[in-house]
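Reading through the structure tokens given below for one structure.
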């Protein structure tokens, strides 16, 4: 049975050096120079006996990626090495960001509005498939990771994509996934799942507005390339 809490700090000299390097990078290049996992490592501050801060950050990131409206503190507390102080640090940082830059303030009127909501997935080494639920005015209700795949492929099914939008009472969705290779041209599989999602959305009354394939520096919109009908803002 894994311990819920690690009472001893410290992940060794190497871990402390890496954290110092990340803080130096923030001061020198700004926080945007760090990946999501590195930012979480800075917030966590240190690992614990037997667990590096990088390992803790990876586990925390997997919970945050679920995209639930409220951060699941119980799941965080159950992570090996996450004491109450670390849980509170993560929860406070997330809440502060939400209050100042709430995703619910976002409105999708054209494809380029989507990229800022998903760009933090661009540096991932595997493909992540994301679904954005929209209300009748095309304001963002939520943006969730649906599946996590391999280096060059993720397997999705319309029922997985539409499960949360139905619960959200969404009026439309936009989907997106990253290409770790940096090549944003959609594959045949990407085109196929897009057509299947369009058909499912038409049946459910929750239309698919666009499918975005993206990398760290660019994106490909199915709407902008004529593979989906014209984008209509709410």
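Residue numbers (UniProt numbering): 1 to 234.
Heads up, the beta-carbon is just placed ideally off N, CA and C, and yes, glycines get one too.
{"Item": "If you run the structure through DSSP and keep just helix, strand and coil, what is residue 89?", "Value": "helix"}
{"Item": "Residue 84 by DSSP, collapsed to three states: which one?", "Value": "helix"}
{"Item": "Hey, how far is the Cα of residue 138 from the Cα of residue 228?", "Value": "17 angstroms"}
{"Item": "Report the rounded CA-to-CA distance for residue 183 versus residue 140, giving the unit in angstroms.", "Value": "27 angstroms"}
{"Item": "Quick one, are the C-beta atoms of residue 145 and residue 128 less than 8 angstroms apart?", "Value": "yes"}
{"Item": "Check residue 195 in the structure and name its three-state DSSP category.", "Value": "helix"}
{"Item": "Which residue's Cα is closest to the Cα of residue 39: 48, 47, 49 and 57?", "Value": "57"}
{"Item": "So, for residue 219: in the same chain, excluding its five sequence neighbours on each side, which residues have a beta-carbon less than 6 angstroms away from its beta-carbon?", "Value": "115 and 212"}
{"Item": "Please state whether DSSP places residue 61 in a helix, a strand or coil.", "Value": "helix"}
{"Item": "For a test of the three-state rule: what should DSSP assign to residue 34, helix, strand or coil?", "Value": "coil"}
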